[in-house]
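In what follows, a structure is listed as structure tokens, so that the remarks can point back to it.
Numbering (my numbering), first residue to last: 913 to 1106.
Dropping the structure here:
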């Protein structure tokens, strides 16, 4: 699965018969989205897709914040292998990767001899948000256009010289890059190191 389907990309690009190429470009675009958002993906899953994280290990620190590896956190389904129903705004509050438990949740019961606690949770979006889809389509279109004009810098025929510029290709200073950045800004994770 990816943030957009091949059919959606073909409709956006007005292409057909290039499904293998389009799928490759979509996959690359999804990785670029994840990288821009500072999100970690796997070899087979992209960061904003919904998947289950099993037994993520943390140092036990009672109800104080835990910083989960993946975001957004949808639900916590087990602590130290003990299944339970933990709901946001009742048992915990999630602020991006930061999870703070309510004092009524007795996490000390889950503490181990080595002061380790593990969490199993689901993260990501069951339905990919429209702005992530739009950004992915824009990047896919740019990659498709770049592939078609790879290596072209200028074209000269006799006294006629044409400079080819590509409006649809994104770079760090382009209008498209700023639009993509705007679409993805609320998904960007900022890692603060002290």
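Built from N, CA and C at the ideal position, the CB exists for glycine as well.
These numbers were taken from a predicted model, which means no experiment stands behind them.
* Asked: For residue 961, is the classification buried or exposed, using 16 other Cβ atoms within 10 angstroms of its Cβ as the cut-off for buried?
  -> Answer is buried; the Cβ neighbour count reaches 16.
Delimiting residues of the beta strand (DSSP E) encompassing residue 1006 = Per DSSP, residue 1006 belongs to the beta strand (DSSP E) from 1004-1007.
Query raised in the report: Who are residue 1024's beta bridge partners in DSSP?
Result: For residue 1024, DSSP assigns no beta-bridge partner whatsoever.
Mapping DSSP to helix, strand and coil, what is residue 988? If DSSP states are grouped into helix, strand and coil, residue 988 belongs with the strands.
Residues of its chain near residue 1005, where Cβ-Cβ distance is below 7 Å and the 5 sequence neighbours each way are ignored: If we look at residue 1005 and ignore the five residues flanking it on each side, its Cβ neighbours are 1012.
Can the beta-carbon of residue 983 be found less than 8 Å from the beta-carbon of residue 1035? Closer than 8 Å, so yes.
| Expressed to the nearest angstrom, what Euclidean distance is found between the alpha-carbon atoms of residue 943 and residue 1095? | Their Cα atoms are separated by approximately 16 Å.
Q) Among residues of its own chain, excluding the 5 on either side of residue 970, which ones have a beta-carbon nearer than 6 Å to its beta-carbon? A) Within the same chain, Cβ atoms closer than 6 Å to the Cβ of residue 970 are found at 978 and 1029, the five residues on either side in sequence being excluded.
- Would DSSP call residue 978 helix, strand or coil? DSSP places residue 978 within a strand segment (E or B) once states are collapsed to three.
- request: Have a look at residue 1089 and residue 995 and give me their C-alpha separation to the nearest angstrom.
  value: Cα to Cα, residue 1089 sits roughly 44 Å from residue 995.
*What's the C-alpha gap between residue 928 and residue 937?*
A direct Cα-Cα distance of roughly 14 Å separates residue 928 from residue 937.
Chain-order list of residues whose beta-carbon lies under 8 Å from that of residue 901 (same chain, five-residue window excluded): Since the first residue of the chain shown is 913 and the last is 1106, residue 901 is not available in this structure.
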